[in-house]
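Residue numbers (numbering that gives the first Met the number 0): 0 to 109.
For every residue, glycine included, the Cβ atom is placed at its ideal position computed from N, Cα and C.
Nothing here was measured: the structure is a model prediction, and the numbers come from that model.
Contents: one structure, followed by commentary.
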Amino acid sequence: MKRSGISILVALTLAVAACGGTTPGGGTTTSKEPIKIGGIFDLTGATSDVGVPYSEGMKAYVEFTNANGGVNGRPITLVSDDFSYQIPRAEELYNRLVTQENVVAILGWG
0 MKRSGISILV ALTLAVAACG GTTPGGGTTT SKEPIKIGGI FDLTGATSDV
50 GVPYSEGMKA YVEFTNANGG VNGRPITLVS DDFSYQIPRA EELYNRLVTQ
100 ENVVAILGWG
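This is the structure:
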């Protein structure tokens, strides 16, 4: 489980770093806008025994990354909510994160 969590963190870091890039004209971006990522966590419900520590780890990772300069100087903003291990709620949160929050990635362990 520990190796899998580290693999997820590395993959997330690489995915978020890839969002920096260049502008269509070829120049580099100078914007320090936050990189917005979503989190769908099961803080209550049948699997909260795993979901709570997972969400705490993700939040701690975001805090650590931001405290160390963010990703290419851009802070990460984590927008997250509890889906209570209810699939309809998870779908609702996913749709909100994508259509209203405009996140570039979504975290979730299950």
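(request) Could you spell out the range, first to last residue, of the beta strand (DSSP E) harbouring V51? (result) From DSSP, V51 is part of no beta strand (DSSP E) but of the alpha helix (DSSP H) over S47 to A66.
- Task: Find the nearest neighbour of D81 within the set G44, P33 and K31, judged by alpha-carbon distance.
- Result: Relative to the Cα of D81, the nearest Cα in the group G44, P33 and K31 belongs to G44.
Distance CB(G50)-CB(L106) smaller than 8 angstroms = no
| query | Do you know whose CA, among S79, S83, E91 and G72, lies nearest P33's CA? | reply | Ranking S79, S83, E91 and G72 by Cα distance to P33 puts G72 first.
Would you mind giving the Cβ-Cβ distance between V70 and V102, rounded to the nearest angstrom? I have them listed as a contact below 8 angstroms. About 14 angstroms; that fails the 8 angstroms criterion.
- Query: What's the gap between the Cα of P74 and the Cα of M57?
  - Reply: 14 angstroms
Using beta-carbon positions only, say whether V89 and I36 come within less than 8 angstroms of one another. The sequence shown places Ala at residue 89, not Val. No, the pair does not count as a contact, with Cβ atoms beyond the cut-off.
Quiz item: Per DSSP, what kind of secondary structure is L96 in: helix, strand or coil?
Solution: helix
Worksheet item: Would you report the Cα separation of Y93 and P87, rounded to the nearest angstrom?
Response: 10 angstroms
Please classify F40: is it buried, with 16 or more other beta-carbons within 10 angstroms of its beta-carbon, or exposed? buried
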